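Per the numbering used here, residue 381 is the first one in the sequence shown, and the count goes up by one each step.
Here is the structure we will look at.
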Amino acid sequence: MKHTLPELTYKYNALEPYIDALTMEIHHTRHHQAYINNYLNALEGMNDLLEKDVEEVLRNLDMVPERIKQTVINNGGGYFNHRLFFDILTPLKTEMSQDLKQAIEEKFDSFEKFKEVFNKAATTRFGSGWAWLLVDENKKLKVVSSANQDTPFAQGTPILGLDVWEHAYYLKYQNKRPDYINNFWNVVDWEKVSRNFLSAK
Ligand code: MN
C-alpha cells in the first residue's frame with residue numbers, strides 16, 4: 381500500500397485563530413512527513429510489512445523485527461497519530477451523532493464533564509504525548525493519555541486525539557498548553573469522530 385502524507389481537507393490557515401497557519405504547515409509538511417519517511421526507512425525491503433496499513437502493524441508489533449520495533453513504535457506511531465489528529469480537525473461547525481452524544485453522557489454524565497476529564501488528561505501528560513478518547517474492549521468510551529508517539533491500542537481504539545507535543549502549539553501558545561487545549565474544542569470535526577465511534581464499536 382502507498383504510504384504518503386495524507387492531504388488535508390482544509391487549508392493551513394483554516395483553523396485560525398485556534399491553531400495558527402504556520403504551526404499547521406510545519407506540523408503537517410515537516411513533522412508528519414518525517415514520521416512517515418522514518419517509518420518507510422525502517423521498513424525498507426520488508427514488503428510484507430509495507431503492504432499493511434500502519435495501524436495493522438502497530439496493533440501487531442510481534443510481526444516487527446526486534447531491532448526496529450522501537451523505531452516503528454515511534455515513527456509508525458507518529459504517522460498514525462497525526463493522520464487521526466489532522467483528520468478530526470475542521471473549520472466547519474459540525475455536530476456529533478446521537479449515538480456518540482448518548483455514549484458520552486452515559487460515561488461522563490455530560491459533554492462538559494467529558495471535556496474536563498479530557499482536558500485534565502491532556503494538561504497533565506508530562507512532557508510530550510497525546511490525549512485520547514477511545515472505545516475500550518467493553519465498547520465503552522474512555523479517556524487516556526500516552527507518552528511520546530505511543531498509540532493507545534492496548535487500551536482500545538482511538539476515535540479522537542489531541543497532540544500535546546510542544547511542536548503542536550508552542551509558536552502561538554508558548555508555555556500555555558491549557559489555552560491550546562481549550563481552543564482545540566473549537567475545531568473538532570464531530571462528524572468524523574462520530575464516524576470513528578461507529579466503526580470502533
Ligand atoms: Mn505532532
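Positions of the beta carbon are idealized from the N, C-alpha and C atoms, including for glycine.
Quantities reported herein were computed from a predicted structural model and do not represent experimental measurements.
| Item | Value |
| --- | --- |
| Provide the residue(s) that pair with L521 in DSSP beta bridges, ordered along the chain. | V515 |
| Report, in whole angstroms, the separation of the C-beta atoms of I484 and F494, which I expect to be a contact under 8 Å. | 5 Å |
| Please look up how many angstroms separate the CB atoms of L469 and V573, rounded, as I've assumed it's under 8 Å. | No, L469 and V573 are not in contact; Cβ-Cβ is about 10 Å, not under 8 Å. |
| Any heavy atom of the ligand MN closer than 7 Å to the Cβ of H407? | yes |
| For the candidate residues N576, M381, H383, whose alpha-carbon lies nearest to that of L480? | N576 |
| Any chance the stretch 459 to 466 sits against the stretch 396 to 414, with 3 or more Cβ pairs inside 8 Å? | yes |
| Could you tell me the boundaries of the alpha helix (DSSP H) in which I416 lies? | 413 to 422 |
| Say yes only if the C-beta of H383 is nearer than 7 Å to one or more non-hydrogen atoms of the ligand MN, and no if none qualify. | no |
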